[in-house]
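Trainee: Offset between the sequence shown (1-based) and the numbering used here: plus 105. Built from N, CA and C at the ideal position, the CB exists for glycine as well. Structure provided below as structure tokens; questions to follow.
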Amino acid sequence: MAALTDSAPDMAGGAQPGPEPARVLEALELLLGPPADSDSAAEPGKERALCPQTLRRNAAALEERLSGAAGWAALRQLRTAVLSRAPALAAGVAGPEPGWAAACGLLALLLCLKERLAALAAAPAAPAAPGAPPPPGADTLSVGQERALRRALRAAVGLGLLPHLPPGLGPGPAPGPPPGSRGARLFAAVAALVELARLPALGAPLLARHLRLLLCGLCALGHGPAALCQGVSDAERAQCREALGDILDRVYQPMAVQELLVLQGQPKQRCPGAAPGWLRRLCGHLLSERLLRPSGVQAVVRGVLEGTDGGAGAEAAALDWRKCDAVGKILAACPQQCLSLEDYYRQVCPQILDLLHVQDKVSARQFQRVATSTVLSMAREQPQLAERLLLQPLLAPLRRGSEATELALQDLTAGAVLVPEVELGSCVEDVLKVFVVGNDSSSLLLGSLQPVLGVVFSLYSFARQNVSYLRSPCQDILLWFLEKAEREQALAVLGGLAGLSSHVPTLHPRCQLQVGSEGGAAVVVQETISDEDEALYQKISLEQCHVESLVELLSHCQKSGLAGDFFIHCLKELTQVAAEDEEAPNPAVEPGGSLLELEQEQARQGRKLLVLQLVAALCQGVSDTVFTDMEQVQQFLAAVLQRACAHPARGPGAAAEAQTLAMAMGLVAAVLGGAVQLKSSDFAVLKRLVPLLEELSRSYPEPLTQELASDLRIAILTHGACSPGSLGTAAHGLLGTQPGTAARSPAGRAPGPPAHRDSSGTEQSRGRAPGASAAPRARSPAPGGLQELLESACDPQPPARAAALRHLASLVTQRDPEAARLQEKLLQVFLENVQHEDAFVYLSAIQGVALLSSEYPERILPVLLAQYERPAQGKEDTMAAVTRMKLGEVLMRVTRALGDTVFRHREPLIRAFLRGARDPDGALRASSLSNLGELCQHLGFQLGSIIHEVTCCVTAIARTDPEAEVRRAAVHVVVLLLRGLSEKVTEVLRDVLRDLYRLLKHVAAAERDAAAVLHAQLALEELDAAMRRVLFPPQTLEKKIVVLP
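Rendered as structure tokens:
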């Protein structure tokens, strides 16, 4: 092998011209005979068998051609020189075995071809003509020549290398060479093939198709037992080991890994033909060397996962996951030849993190799975090294912008980029892949992620305000942590995100997030704001945004109960803050207060405001389904009752505290009164409230609240068997479900007559299941009960009034005979409450009037239309306009409820809305036009001749009204009209369609209000679509079958 290497330059640089490559390939074809039709697609081992007579005949023909034919002298001289440097090949050519002789002849001719191609490649290339493409290299082969070359290589490997491989590496039971000659012949064939592989033109087809067999030969000669290498010297074996390493270094590394894995076979395979133990150990050692090379991890992963597509089906996906997990475990295990585990991790961990950033779409998912599995395996097996060498570099961009990191910001100018957009976005995606997709809730992963959750939350809040792809991954990361962490840890993290504690480091105060050009964000040094008002405004805006983001995050955690637990945690914080306010003196009032005390007081007040803001936001955002079990309800009630016991309602906030206490005690009464089906375990939980209720019954200054607390304590201790009447009053005052009871506030309102209850407790035994509606179905009340509901509808407390109105509306829906007899009185009560300023009250009244009108339209609608056209006297103009707009909402609800029967009331309704469109108040004009448009949409083709009046009114207002809101509403009428008519536009609007089209074009061209122009464009699009449907009806493919008589 060394002799061939030393002599190659002499032949390449010789003075005498050598044979052309075509001549050498012709000699190869002559030696092998004519190719079969399928030779171009044949594989190693599938070569057509050549009988010994054919081989002898072809060799004789070649020798005859070389000795006497014209033009073959140069090839004969080159072949003689090659054989003189390879005595083993020369002896084989002249030997008696036709197979080995043909193999040696083929290898000699291939070496001749290699030297000629090397000489041609070393010669200077001819310059290309101007404007012409560069000519191909002198050593370039044609398609036919490459086919002949592949056939010759296949035959050389099949005749010279394959039969001489040791058992377990070769073909098996086929007859082998003569005893004692296997090692020498194998070395001669391997040496020639290695020499051919040094030239790229020959090495590419050789290594692409025959790498495995060549590796088998080199492994056997260089590392196999001495019995397999008879006739091979130690120097030659050393050359084989060197050549093995050289070839493995030069080939495509994933292919080398694949071939070594195939040679290694299954680790516990013991069937006949399995790889011997020394070969399995050698392949393992060579695979470890591939792994420890630069980019070796990616090469190993590519080699193992070659051929999988990410798992298209369920079985393929499961198999792919198992394979990725196996590769991850292999990468996490330190090879035996590596001296230090830390050195191995230090070398491999950066490459594992690089697997997360593979851009190839086909294999990216598999690489990410392998990287995730490897990180998790390392974290389980070597947590300290994994945290230092894997998790900390993974989270480094997020840590860089955290307030826990000491940054030399004084040396950085304002606007300097600390974390670029690409790096920050890549870090967030990596965290999502490793933590969320990996879904391993070990303490190491949770502990390493917690310090950067503040920065992730800042990113999430920032992405909510902007258009960014980081919103979804940040939300998934936060939700995953809150779900997997222990409840106490999750509550502490939520408190840190809200600013109540320092458990979670947030974004550095000198840093801010900046919108990136690719839809991400970057961390930059914040500019100093000299204006104190502007700085305060930005701080308040940021805090408000964080609170809203936290509430939205908790809205996804309601099923797990985390939102309820955090709500209770905030209530306890509120109680603690109130206690601190009473205990701590006010340094701003007391003389001689130090600056430190002032700062502490300011921090305490800021914390109080933050807690109040959190409680208010949680009540508004997630209060409807915040509690998931009785345990959370008990904790909430305990927090409220404890605050009431410690700080009775006094001072300016007494009313709010009293209402909160009334709501809590009403909730207890409702739970005990059958709104929820209670079990014995629930009563055990509720008994924790007994000491607080007992203290409240003794110390609270309000007598009615004391009485109710005592009654609740008795009901809890007796498991509801003894239920005083005040419980029903409080419960139904909260829920608004029991007729015959005047709702009251426990904080100071006199109770009405108690509701009738069965002392045996049978009503409680028929309680509802958890999750059902808290309002039981109302039953028909006695006249006295209806009268009390009417009185409760005038209650000064808005909750009681709204509850009574809603119950009256439910009686109307059930067609209660007493409610039908008093419908005029009900209408009067509803109309009076429509004018109420509380939204809950007037919306309940609007619903009641609408239900009453839809049940008795002939009697009620004229009264409503009269009220709408003639507002009540004695009111201010603004209040009258607001009341008329509320009545307009009532009329529209009636219109929707009546459906097609609204046609009977078409003219009075349209007349009322047209008169409202001429009102001096702009808001009422816009409201009337909106109602008119919705009415026209419902009427559709039933508009009739009144469409002319509507068109004239809309046209005049859209062109002349001074207020943009009114003009906008007028154009919107046209949009609703076109949408309601749909395909009947040309029939119903036949006479006014041109006028409407001109109006829309005028608005689109001359209107200054952008919203009105948008409405006009929408109307033109509706009109265009309708006309296209008329002019170009859709083609329908129909097949008619006629049955002949």
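Counting pairs of beta carbons, one from the segment 589-607 and one from the segment 494-506, are three or more of them closer than 8 Å?
Mentor: No: fewer than three Cβ pairs fall under 8 Å.
Trainee: Measuring alpha carbon to alpha carbon, tell me which of LEU936, ALA1002, SER949 and LEU948 ends up nearest LEU970.
Mentor: Among LEU936, ALA1002, SER949 and LEU948, the Cα nearest to that of LEU970 is on LEU936.
Trainee: Looking at C-alpha atoms only, which residue of SER548, ALA297, ASP354 and ALA627 is the closest neighbour of SER573?
Mentor: If we check each option's Cα against that of SER573, ALA627 comes out closest.
Trainee: Give me, in chain order, the residues of the same chain whose beta-carbon lies closer than 8 Å to that of GLU420; leave out the 5 immediate sequence neighbours on both sides.
Mentor: Residue placement at GLU420 is poorly supported in this model, since its pLDDT is 49, which falls under 50; the coordinates still yield a value, given next. Excluding residues within five positions, none has a Cβ falling inside 8 Å.
Trainee: If we ignore side chains and look at the alpha-carbon of each, how far apart do LEU551 and GLN344 end up?
Mentor: If you take the alpha carbons of LEU551 and GLN344, they lie about 53 Å apart.
Trainee: With DSSP as the reference, label VAL1135 as helix, strand or coil.
Mentor: Here VAL1135 sits in helix by DSSP.
Trainee: Classify ARG427: buried if its beta carbon has 16 or more other beta carbons within 10 angstroms, exposed otherwise.
Mentor: It is exposed - the Cβ of ARG427 has fewer than 16 other Cβ atoms within 10 Å.
Trainee: First and last residue of the alpha helix (DSSP H) that includes GLN182?
Mentor: 178-190 is the span of the alpha helix (DSSP H), which, as asked, contains GLN182.
Trainee: Starting from the C-beta of VAL560, find all residues in its chain whose C-beta is less than 6 Å away, skip the five residues before and the five after it, and write them out in chain order.
Mentor: The residues are LEU503, GLY506, SER507 and LEU612.
Trainee: Where does LEU51 sit, in a helix, a strand or coil, going by DSSP?
Mentor: Here the chain comprises residues numbered 106 to 1150, so residue 51 is not present and cannot be evaluated.
Trainee: For my contact list, SER482 and GLY433 are in at a C-beta cut-off of 8 Å; report their separation, rounded to the angstrom.
Mentor: Correct: roughly 5 Å between the Cβ atoms.
Trainee: Taking just the CA atoms, how far does LEU323 sit from GLU588?
Mentor: Cα-Cα distance, rounded: 56 Å.
Trainee: What three-state label does DSSP hand GLN250 in the structure shown?
Mentor: Looking at GLN250 - three-state DSSP - the assignment turns out to be helix.
Trainee: Do you know offhand how far ALA207's Cα is from ARG259's?
Mentor: So the two alpha carbons sit approximately 13 Å from each other.
Trainee: According to DSSP, simplified to helix, strand and coil, what is ALA590?
Mentor: In this structure, ALA590 counts as coil in the three-state DSSP scheme.
Trainee: Would the beta-carbon of PHE472 fall within 8 Å of that of VAL536?
Mentor: Going by C-beta atoms, PHE472 is not nearer than 8 Å to VAL536.
Trainee: Cutting at 8 Å between CB atoms, please list the residues of its own chain near GLU1088, excluding the five before and the five after it.
Mentor: Result list for GLU1088: ALA1131, ARG1134 and VAL1135, in chain order.
Trainee: Just to check my reading of the structure: LEU1082 and CYS1041 have Cβ atoms closer than 8 Å, yes? What is that Cβ distance to the nearest angstrom?
Mentor: Between CYS1041 and LEU1082 the Cβ distance is about 5 Å, and since that is below 8 Å, they are a contact.
Trainee: Excluding the 5 residues preceding and the 5 following VAL463 in the sequence, name in chain order all residues of the same chain whose CB lies nearer than 6 Å to its CB.
Mentor: Hits under 6 Å: ALA469 and PHE472.
Trainee: Is there contact here, the segment 219-234 with the segment 295-312, by at least three beta-carbon pairs under 8 Å?
Mentor: Short answer: they touch.
Trainee: Does the beta-carbon distance from ALA924 to LEU891 come in below 8 Å?
Mentor: Contact flag set, yes.
Trainee: What is the rounded straight-line gap between the Cα of MET735 and the Cα of PHE671?
Mentor: Rounded to whole angstroms, MET735 to PHE671 spans 15 Å at the Cα level.
Trainee: Short of 7 Å in beta carbon distance, which residues of its chain neighbour GLY389, apart from the five on each side in sequence? Order them along the chain.
Mentor: Within the same chain, GLY389 has close Cβ partners GLN369.
Trainee: When you compare the CB positions of ALA294 and LEU212, do they come within less than 8 Å of one another, or not?
Mentor: Taking 8 Å as the Cβ cut-off, ALA294 and LEU212 qualify as a contacting pair.
Trainee: What number of angstroms, rounded off, separates the C-alpha of GLY866 from the C-alpha of HIS824?
Mentor: In this prediction, GLY866 has a pLDDT of 34, which is less than 50 and means its spatial position is unreliable; what the coordinates show is noted afterwards. Using only the alpha carbons, I get a separation of about 10 Å.
Trainee: Which residues mark the beginning and the end of the alpha helix (DSSP H) in which GLN747 is found?
Mentor: Residues 735-751.
Trainee: Which of the three DSSP states is assigned to LEU797 in this structure?
Mentor: Here LEU797 sits in helix by DSSP.
Trainee: By a C-beta neighbour count over all protein chains shown, 10 Å radius and 16 as the cutoff for buried, is ASN544 buried or exposed?
Mentor: Under this definition ASN544 is an exposed residue.
Trainee: In this structure, does DSSP put CYS321 in helix, strand or coil?
Mentor: In the structure shown, CYS321 sits in a helix (DSSP, three-state: H, G or I).
Trainee: Determine, using beta-carbon pairs with one atom in the segment 223-230 and one in the segment 181-195, whether at least three such pairs fall under 8 Å.
Mentor: They do not touch, by the three-pair rule.
Trainee: In or out: GLY1004 buried (at least 16 other Cβ within 10 Å) or exposed?
Mentor: So GLY1004 counts as exposed.
Trainee: Just checking my contact of GLY993 with TYR961 at CB under 8 Å: how many whole Å lie between their CB atoms?
Mentor: The Cβ separation is near 20 Å, so there is no contact.
Trainee: Could you check which residue in SER959, ALA1002 and MET990 has the C-alpha nearest to that of GLN940?
Mentor: With distances taken between Cα atoms, GLN940 lies closest to MET990.
Trainee: For VAL609 and TYR642, I'd like the C-alpha separation in whole angstroms.
Mentor: If you take the alpha carbons of VAL609 and TYR642, they lie about 24 Å apart.
Trainee: Is the beta carbon of LEU719 sitting closer than 8 Å to the one on LEU794?
Mentor: Their beta carbons are not under 8 Å apart, which means LEU719 does not touch LEU794 by this criterion.
Trainee: Would you give the residue range spanned by the alpha helix (DSSP H) that GLN643 belongs to?
Mentor: Start and end: 637-659.
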